[in-house]
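One structure below.
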């Protein structure tokens, strides 16, 4: 039973790592778009403000994904490498 729990924990951790990587890519795309919008002359204040909100949301989602990944890692370590 503990071995199957360990395997599930490893699977959950890998899934969390993929989600974190995806969220990081989303953030990088949002930041790149914001940079491009800020470079346009004349600047479109509404578009910049909207993109800033998307960047802020992407940051929050990345931070949440990192927390989940950290929790999954701790669970995996506890199940797969039990301390005496």
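Numbering (our numbering), first residue to last: 6 to 89. Don't be surprised by glycine CBs; every beta carbon is placed ideally from N, CA and C. Being a predicted model, the structure only gives us computed values, none of them experimental.
Unbroken alpha helix (DSSP H) run spanning residue i, endpoints
i          : result
residue 66 : 50-85
Coarse secondary structure for residue i, derived from DSSP in three states
i          : result
residue 12 : helix
residue 6  : At residue 6 the pLDDT is 49, less than 50, meaning the model places this residue with poor confidence; the figure from the coordinates comes in the next sentence. Three-state result, residue 6: coil.
Contact check, residue i vs residue j, beta carbons under 8 Å
i          : j          : result
residue 63 : residue 35 : yes
residue 67 : residue 39 : no
residue 81 : residue 27 : no
Integer Cβ distance of residue i from residue j, believed to fall under 8 Å
i          : j          : result
residue 24 : residue 70 : 5 Å
Stretch pair the segment 8-22 + the segment 50-62: three plus CB contacts closer than 8 Å: No: the two stretches stay apart, fewer than three of their Cβ pairs being nearer than 8 Å.
The segment 63-80 contacting the segment 41-51, beta-carbon criterion three pairs below 8 Å: The way I'd put it, the segment 63-80 doesn't touch the segment 41-51; fewer than three beta-carbon pairs between them come closer than 8 Å.
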